[in-house]
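A.B. asks: In the working numbering, the protein residues as written are 7 to 265.
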Ligand SMILES: O=C(O)CCC(=O)C(=O)O
Ligand SMILES: [Fe+2]
């Protein structure tokens with residue numbers, strides 16, 4: 007279900023193609039980011055989080071702005087305006103170590119035959135490397151992710167598949183498992199399942215998940231986010247991950263990443 011690799015040097019383009027083609031749910035690379043690097047950056051990132059982020063009642067706190075948050079053309083312009091600053095903020099939080107998001111970008115460029123680059127929407131560069139804090143007690147309800155929901159229709163014709171990558175910085179001792187269902191609803195089916203909900207699906211309407219995986223700090227998981235997936239509540243601590251999406255435009259086209 008998941009392809010498990012014990013080091014990043016094992017990753018090749020076939021692994022990625024297997025996820026794109028639905029032969030596996032995803033790839034789990036253990037210890038992608040050394041634990042010293044994780045611990046070092048956590049202090050810096052947590053400080054940013056408490057200084058610059060929203061009030062404590064917000065369940066999902068992020069550093070960096072995600073494309074998914076864009077609700078208006080003003081938001082869209084702002085997203086692109088701050089994209090490079092946000093990339094550098096994450097990069098600098100890891101200094102003097104290399105940021106695992108940068109490592110991911112290099113790795114994808116190296117293993118994918120035609121390389122990998124930042125996604126552009128309307129000719130403007132996107133941000134990549136959002137840092138998500140999931141507070142204790144909160145879950146991430148079952149959902150799918152689709153770029154098409156957040157970009158102008160004239161700009162999305164070539165995207166064939168979407169992948170999602172998470173690099174974990176903190177994982178609670180209890181809970182925080184990633185769950186996946188072997189269900190890839192069409193957009194129409196998804197909206198039907200969604201009913202009146204603004205985001206995600208009611209767990210009660212779904213069968214039990216096909217698989218559940220508990221990452222450790224420093225691990226990387228790449229998954230197919232068009233399969234329904236969810237994250238169990240983290241019971242005893244915050245759950246922190248750096249996240250990126252990766253677009254697949256065909257075997258002979260470069261991959262493109264964004265957050
Ligand atoms: O945090 C995770 O493990 C998965 C989050 C998620 O929804 C995604 O990667 O699309
Ligand atoms: Fe997701």
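Even for Gly, the Cβ is constructed at its ideal location relative to N, Cα and C.
Tell me whether the beta-carbon of residue 156 lies closer than 8 Å to the beta-carbon of residue 73.
C.D. replies: Yes.
A.B. asks: Should residue 165 be listed as close to ligand 1, given that the test is whether its C-beta is under 7 Å from any heavy atom?
C.D. replies: Answer for residue 165: no, Cβ out of range of ligand 1.
A.B. asks: With distances taken from each beta carbon to the nearest heavy atom of ligand 2, which residues come in below 5 Å, in chain order?
C.D. replies: Every residue passing the under-5 Å Cβ criterion appears here: 151, 231.
A.B. asks: Taking residue 220 as the reference, give the member of 28, 244, 34 with the closest Cα.
C.D. replies: Measuring from the Cα of residue 220, the nearest candidate turns out to be 34.
A.B. asks: Based on the DSSP output, what are the partners of residue 186 in its beta bridges?
C.D. replies: 217, 235.
A.B. asks: For ligand 1, any of its heavy atoms closer than 7 Å to the Cβ of residue 84?
C.D. replies: No - ligand 1 has no heavy atom lying nearer than 7 Å to the Cβ of residue 84.
A.B. asks: Grab the span of the alpha helix (DSSP H) containing residue 198 for me, first residue to last.
C.D. replies: That run of the alpha helix (DSSP H) goes 193-200.
A.B. asks: Relative to the C-alpha of residue 237, which candidate in 148, 20, 105, 134 has its C-alpha closest?
C.D. replies: It is 148 whose Cα lies nearest to the Cα of residue 237.
A.B. asks: Please classify residue 41 as buried or exposed, where buried requires at least 16 other C-beta atoms within 10 Å of its C-beta.
C.D. replies: That one is exposed.
A.B. asks: Could you spell out where the alpha helix (DSSP H) holding residue 263 opens and where it closes?
C.D. replies: Counting along the chain, residue 263 falls outside any alpha helix (DSSP H), though it belongs to the beta strand (DSSP E) covering 261-264.
A.B. asks: Relative to the C-alpha of residue 214, which candidate in 188, 25, 111, 246 has its C-alpha closest?
C.D. replies: The candidate whose alpha carbon is nearest that of residue 214 is 188.
A.B. asks: Which residues bound the alpha helix (DSSP H) around residue 79?
C.D. replies: Note, residue 79: alpha helix (DSSP H), 79-87.
A.B. asks: So, under 8 Å CB-CB, residue 22 and residue 51 are touching, yes? Tell me the CB distance rounded to an integer number of Å.
C.D. replies: The Cβ separation is near 27 Å, so there is no contact.
A.B. asks: Taking residue 168 as part of the alpha helix (DSSP H), name the residues at either end of that continuous run.
C.D. replies: Unbroken run through residue 168 is the beta strand (DSSP E), 167-176; no alpha helix (DSSP H).
A.B. asks: Please return the same chain residues whose Cβ sits closer than 7 Å to the Cβ of residue 244, not counting the five positions on each side in sequence.
C.D. replies: Excluding positions up to five away in sequence, the list reads 139, 140, 141, 142, 176.
A.B. asks: Given the structure, does residue 266 come close to ligand 1, in the sense that its CB is under 7 Å from one of the ligand's heavy atoms?
C.D. replies: An answer regarding residue 266 cannot be provided, because it is not within the stretch 7 to 265 covered by the chain.
A.B. asks: Give the range of the alpha helix (DSSP H) segment to which residue 21 is assigned.
C.D. replies: Note, residue 21: alpha helix (DSSP H), 19-26.
A.B. asks: Using a Cβ-Cβ cut-off of 8 Å (strictly less than) and excluding sequence neighbours within five positions of residue 11, which residues of its own chain qualify?
C.D. replies: Within the same chain, residue 11 has close Cβ partners 17, 21, 33, 34, 35, 36.
A.B. asks: Which ranges does the alpha helix (DSSP H) cover as unbroken runs of at least 4 residues, wholly within the region 86-114, from first to last along the chain?
C.D. replies: You should have 89-100.
A.B. asks: Classify residue 253: buried if its beta carbon has 16 or more other beta carbons within 10 angstroms, exposed otherwise.
C.D. replies: With 16 or more Cβ atoms within 10 Å of its Cβ, residue 253 is classed as buried.
A.B. asks: Taking the C-alpha atoms as reference points, what is the distance between residue 195 and residue 159?
C.D. replies: Near 20 Å, if we compare the C-alpha coordinates of residue 159 and residue 195.
A.B. asks: For residue 155, name the three-state secondary structure that DSSP assigns.
C.D. replies: If DSSP states are grouped into helix, strand and coil, residue 155 belongs with the helices.
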